[in-house]
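Each remark here refers to the structure printed beneath this line.
Numbering (our numbering), first residue to last: 27 to 292.
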């Protein structure tokens with residue numbers, strides 16, 4: 027029996043041992059087996075270990091074992107510094123940066139996304155990649171209260187996005203404008219925030235239609251700015267529009283937003 031067949035049989039046996047039907051645990055067992063095999067073939071400092079480490083980390087994240095997963099990711103990231111500076115590296119850093127951002131680790135996200143940004147700028151065949159990466163970098167800087175850096179990242183993302191024709195239904199511009207509005211709010215510039223959110227609302231409505239749920243989110247954000255500026259009547263009108271849209275949707279996300287809107291209107 028060849029090594030490849032033996033390896034497959036071993037992984038299948040480990041999968042069964044982990045518990046048939048438990049897909050997430052099975053994926054972890056398979057990833058751990060791949061890592062163990064890679065560690066036999068490569069030195070501990072080999073960049074070849076980065077991908078197996080990331081695979082185990084991804085499986086751990088699926089099981090909500092985020093602390094353990096982040097530790098493996100950190101090991102992989104150190105090894106990735108030996109990778110060629112190319113699209114594969116940028117894509118991996120982007121995904122890792124998004125994960126750190128979602129798990130409320132903006133400082134780490136900034137490091138990863140800033141590392142990937144120079145590579146992304148050199149990928150003209152994948153312009154949407156650059157927009158998303160820079161938007162995420164702006165989000166991370168904003169979460170750290172680094173307003174100047176956040177604004178610069180959002181503005182570069184918006185400039186890149188608007189430098190080419192946009193496909194029908196594209197909402198990237200609205201998302202970036204909402205990011206810029208959040209920076210304006212953080213700096214206390216409510217007039218600028220209102221202007222940016224009105225622009226985002228127009229783009230979102232044009233791209234998705236006025237009844238789309240993300241339009242309700244922009245209406246909510248704009249209503250909050252209007253309330254802060256003392257325009258309660260204008261805020262009530264926008265909140266009512268948002269509630270009409272949300273009434274067509276079901277799910278915790280939509281109900282949570284609707285509850286917040288109703289509470290604000292009391």
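For every residue, glycine included, the Cβ atom is placed at its ideal position computed from N, Cα and C. In this text, all values refer to a predicted model and were calculated from it rather than measured experimentally.
Coil, strand or helix - residue i by DSSP
i           : result
residue 149 : coil
residue 160 : helix
residue 266 : helix
residue 241 : helix
residue 47  : Model confidence at residue 47 stands at a pLDDT of 48, short of 50, so the residue's coordinates are unreliable; what they give is reported in the following sentence. Here residue 47 sits in coil by DSSP.
residue 273 : coil
residue 221 : helix
residue 201 : helix
residue 172 : coil
residue 214 : coil
residue 235 : coil
residue 89  : coil
residue 257 : coil
residue 177 : helix
residue 101 : helix
residue 126 : helix
residue 77  : helix
CA-to-CA distance, residue j to residue i, given in whole angstroms
i           : j           : result
residue 258 : residue 252 : 7 Å
residue 166 : residue 49  : 32 Å
residue 230 : residue 237 : 10 Å
residue 213 : residue 254 : 14 Å
residue 240 : residue 250 : 16 Å
residue 125 : residue 158 : 14 Å
residue 182 : residue 155 : 13 Å
residue 288 : residue 227 : 21 Å
residue 146 : residue 120 : 9 Å
residue 284 : residue 247 : 13 Å
residue 141 : residue 116 : 8 Å
residue 174 : residue 189 : 22 Å
residue 292 : residue 144 : 49 Å
residue 98  : residue 276 : 37 Å
Supposed contact pair residue j and residue i - C-beta distance, whole angstroms, cut 8 Å
i           : j           : result
residue 162 : residue 139 : 6 Å
residue 57  : residue 81  : 4 Å
residue 75  : residue 60  : With a Cβ gap of about 10 Å, residue 75 and residue 60 do not count as contacting.
residue 136 : residue 170 : 7 Å
Alpha helix (DSSP H) segment containing residue i, residue limits
i           : result
residue 68  : Neither: residue 68 is in no alpha helix (DSSP H) and is coded neither H nor E.
residue 109 : No alpha helix (DSSP H) holds residue 109; DSSP gives it neither H nor E.
residue 191 : No alpha helix (DSSP H) contains residue 191, which DSSP labels as neither H nor E.
residue 290 : 278–291
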